[in-house]
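J.: Below you will find the structure I want to go over with you.
Residue numbers (the numbering used here), protein chains in the order written: chain L, 2 to 281; chain V, 3 to 293; chain W, 53 to 482.
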């Protein structure tokens, strides 16, 4: 993050900086506390889940127990397939639609765009009852595509990409035409590369949202073959069986690990892509 | 390229996305509306037209009103606080405080965790007597509280969890916007002798408006769509003190299988969201024209 | 389990995993079993072991147990699958969901599969108390599997510290209150480090409440499941006693006590007496690092407890072959030796009398008398609350109970409102 580290006239210094640092750190400690607790509990035996003795023995036992207690391997696989499926379809569908909106003037485009925008408020998350019925009629209940389908046409994606495509200078478009490129080729050669930061930012948002989505997958899946991690985790840590915090924390860490690791490794890119995307 | 050909191309490009959107957003929305006027089909009693019965039943149901009030309080609790905190966090992380990368990571991490996972951890925090909060309070000699088990505090507790989860996410947007602010603005303001607070209020805050609006849209949607933590932590209790609209819809539709009633409630929720959308679209419309 | 899951995962990955559907019929009949877990302990492992053992004895059948969460979550998953057209052939859900399942044509009666004399005898071998929630209209719809009653656990050490006889549990309401008062340790500012007693009120508060109401001499519903009696004076009396424990006498934690953390509270010595299911017995035995006792619930006007727990149900939408296989499994799993073993492994009451005559259980009871408490309490047990649209009616009662426990409504008002709501739901079933 080397961008704007130039010292401006309002950068706090001395006492002001100190106070601000302390305040920011206090808040950061509070913010990280739940995760810190989860890490602590997951790595210590069950007796210490309610007591904080600093030098109690470390143990991987909880992870082993958690892994064996539920088919997490399968859940990981399902989630991975699900997220990839959704993102892949979203990228294709939204690119095509955004291109249509940005560069084509066809009758009904305004109405169509308004309908698209409507989805920003009328999300699939709210239409669970009806979508469940549709899935039943389509015969795909309890499969991974059933989880994915309501989300692949993403109004947010279309909106973002349309904005971006609109900013592509017409000259580039014309130049490509002159070279004999068809519509789709222009799209692929000119527009898509220019929108890369947007794709990255959107991809990150989409992956993390769908990795963590819970209610709809809960309703649509009932068997292990299609359950994603979130549903698996919730079924696993269902409170009626007497909560074993250590194992639950271990399972929690296991299921969030990929995203956490991904974020830690790529946080620079994450933030930068949001910046370049100019999402304001 | 002829006009017809252009129009055809346009529609073809649009078709896949549009078809899926219609199938999973507009058609179900319409279907929900229609279903809300019929009784729930059961094997022994097929569905009959019921007019406004379902709506009357919902409006008569004290739990609906409780869920509505709860959701409004939840929105009032989460939206300003998480947006405000996000702005504050972004300002802090933008300044050159020591260890800013770590601090930024700390703020953003909750967003990356699944709500389900997070809820379990917070469940421990709130457990009376040996939960984390109870232990902390115990150190200071305060009495332990049954946070999630008492009606006065349960909703506040789940609100805190939601704020904790989303503030970091909004922070990123503010951070991006702050870092793209031209530095000469600050210099110009300093030359005119403006205080830091003045600079923030008069220059930075208005320039952050587009971000704020974008973040607000997200925050509003989240206020009505985040129910995962309710499912894990309180299941709507105690005595519906933490029941939110979407949770109640889930309970009606998939707990009691009274799908028509759930549809009626969905329609009410959609109407509310629609109103909010209209209000915000009014703002955004003006914003879009700025570009 | 680990290898099994890994193999399953690998096989699925190699194949058309993306559109995988459960319970594909192969040369062997394969069926799915949905089961919940409501008590502590390695239940999932036990069920998996059961499945493996059954497959060894019945090589033409494959069982796929799927853990589905709490009782309510399992019911939702079962109903979702049923409405989607591909229900698991066998599932374990609350015995009380019987009417709901029948109303939705989701289950078939066991009588249809009980062809031989042996089968018929099997159906009649269960404790009558457990059959009350399993039969209606002359047919048997559910086969008892993991059944229980509520029991009182007490910490003998804490009893001794408080000057009470560590081997004597409270025998009636008055003693329960008196003991709890001696066992509650409060400091000057009102903070309590040890509570006398706690009765959980999340998940299914109505079940624990039925202990109180039965002891007060009330029955909450009629056998047909279409009428409730929530606002009878005895019921109000029962709820007032429970509410007073926390609000008036301060021997019980205020507000709503969580079901899942109650055993842990007990292990951590935060509470001296707790009401919970006998199904937690093995969990308590394993984790309580102090001598403890188990007793029947204290008597009000009489002793009493609801029966509880889950039955096997066979799905109507499963193919015939799977249903037959499911029937065989249900029968196998409830044979005397296996029922006895299940009792030892968990603490649930072995569902048939002759299970208690097996060597394993006789020995177990001899060295650990607590295992027989729930069985002995069956004499005083009543049917668990079960009506049409069961989930909805029990929610009405649960809300009323929680309202009274949190002080939002008086016990009388809470129960009256619950009765009004239940009436509204049930009137069309009469």
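Cβ coordinates follow ideal geometry from the N, Cα and C atoms, glycine included.
1. Considering only DSSP beta bridges, list what residue 116 of chain W is partnered with.
2. According to DSSP, is residue 29 of chain V part of a helix, a strand, or is it coil?
3. Closer than 6 Å by C-beta to residue 383 of chain W: which residues in its own chain qualify, once you throw out the five before and the five after it? Chain order, please.
4. For the alpha helix (DSSP H) that residue 110 of chain L lies in, which residues bound it at each end?
5. On the DSSP letters alone, give me the boundaries of the beta strand (DSSP E) that residue 238 of chain V sits inside.
6. Rounded to the nearest angstrom, what separates residue 31 of chain V and residue 124 of chain L at their Cα positions?
7. Determine whether the beta carbon atoms of residue 151 of chain V and residue 124 of chain W lie at a separation below 9 Å.
8. Look at the alpha carbon of residue 68 of chain V and the alpha carbon of residue 266 of chain W, and state the distance between them as a whole number of angstroms.
9. For residue 365 of chain W, which residues does DSSP report across the bridge?
10. What number of angstroms, rounded off, separates the C-alpha of residue 256 of chain L from the C-alpha of residue 84 of chain L?
11. Taking the alpha carbon of residue 284 of chain V as the reference point, which residue from V:215, V:11, V:196 and V:61 has its own alpha carbon closest?
12. Going by DSSP in three states, residue 224 of chain L sits in which element: helix, strand or coil?
13. Please name the residue in W:311, W:367, W:303 and W:153 whose C-alpha comes closest to that of residue 46 of chain V.
14. Is residue 19 of chain L helix, strand or coil when you go by DSSP?
15. Name, please, each residue of chain V whose Cβ falls closer than 7 Å to the Cβ of residue 72 of chain L.
16. How big is the Cα-Cα spacing for residue 263 of chain W and residue 293 of chain W?
17. So, using beta-carbon positions, are residue 329 of chain W and residue 200 of chain W closer together than 9 Å?
18. With respect to the alpha helix (DSSP H) encompassing residue 100 of chain L, which residues constitute its N-terminal and C-terminal limits?
19. Does any C-beta atom of chain V lie closer than 9 Å to the C-beta of residue 444 of chain W?
20. Would a C-beta distance cut-off of 9 Å place residue 445 of chain W and residue 464 of chain W closer than the cut-off?
21. Can you check the stretch 20-81 of chain V for any beta strand (DSSP E) of at least 3 residues that lies completely inside it and give the ranges in chain order?
22. Following the continuous alpha helix (DSSP H) through residue 63 of chain L, name the residue where it begins and the one where it ends.
23. Grab the span of the beta strand (DSSP E) containing residue 400 of chain W for me, first residue to last.
24. Interface residues of chain V around residue 261 of chain L at Cβ under 9 Å?
25. Which two residues bound the contiguous beta strand (DSSP E) that contains residue 192 of chain L?
26. Check distances from the C-beta atoms of the stretch 110-136 of chain W to those of chain V and list, in chain order, the residues that come in under 9 Å.
27. At 7 Å on the CB atoms, spell out the chain W contacts of residue 241 of chain V, in chain order.
28. Output needed for residue 21 of chain V: all residues of its chain with C-beta closer than 8 Å, excluding positions within five of it in sequence on either side, in chain order.
29. Is any beta-carbon of chain W found at less than 9 Å from that of residue 294 of chain V?
30. Taking the continuous beta strand (DSSP E) assigned at residue 209 of chain L, which residues delimit it?
31. Listed from N- to C-terminal order along the chain, which residues in the stretch 244-275 of chain V have their beta-carbon within a distance smaller than 8 Å of any beta-carbon of chain L?
32. Less than 9 Å between the beta carbons of residue 114 of chain W and residue 158 of chain W, yes or no?
33. For residue 34 of chain V, would you say it is in contact with chain W, using Cβ-to-Cβ distances shorter than 9 Å as the test?
34. Looking at the unbroken alpha helix (DSSP H) that takes in residue 278 of chain W, where does it start and where does it end?
35. Should the stretch 33-42 of chain L be regarded as contacting the stretch 117-134 of chain V, the criterion being three or more beta carbon pairs within less than 8 Å?
36. Judging by CA-CA distance, which residue of L:99, L:211 and L:71 is the nearest neighbour of residue 145 of chain L?
T.: On the basis of the data shown:
1. W:84
2. Here residue 29 of chain V sits in helix by DSSP.
3. If we look at residue 383 of chain W and ignore the five residues flanking it on each side, its Cβ neighbours are 174.
4. Run containing residue 110 of chain L: 110-122, per the alpha helix (DSSP H) assignment.
5. No beta strand (DSSP E) contains residue 238 of chain V, which DSSP labels as neither H nor E.
6. 10 Å
7. Not closer than 9 Å, so no.
8. 32 Å
9. W:143
10. 14 Å
11. V:215
12. coil
13. W:153
14. In the structure shown, residue 19 of chain L sits in a helix (DSSP, three-state: H, G or I).
15. Those do not exist, as residue 72 of chain L stays about 17 Å from chain V at its closest Cβ, beyond 7 Å.
16. Rounded to whole angstroms, residue 263 of chain W to residue 293 of chain W spans 12 Å at the Cα level.
17. For residue 329 of chain W and residue 200 of chain W, yes; Cβs fall inside 9 Å.
18. From DSSP, the alpha helix (DSSP H) with residue 100 of chain L extends over 73-104.
19. yes
20. no
21. none
22. 62-70
23. No beta strand (DSSP E) holds residue 400 of chain W; DSSP gives it neither H nor E.
24. 111, 114 and 115
25. Careful: residue 192 of chain L lies outside any beta strand (DSSP E) and carries neither H nor E.
26. 124, 127, 128, 131, 132 and 135
27. 451, 454, 455, 458 and 460
28. none
29. Past the edges of chain V, shown from 3 to 293, lies residue 294 of chain V, and the structure says nothing about it.
30. That residue, residue 209 of chain L, is in no beta strand (DSSP E); its alpha helix (DSSP H) goes 197-213.
31. Listed by position along the chain: 248, 251, 252, 255, 256, 261, 264, 265, 268, 271, 272 and 275.
32. no
33. no
34. According to the DSSP assignment, residue 278 of chain W belongs to no alpha helix (DSSP H), since it is labelled neither H nor E.
35. Between the stretch 33-42 of chain L and the stretch 117-134 of chain V, the count of Cβ pairs shorter than 8 Å is three or higher; the stretches touch.
36. L:211
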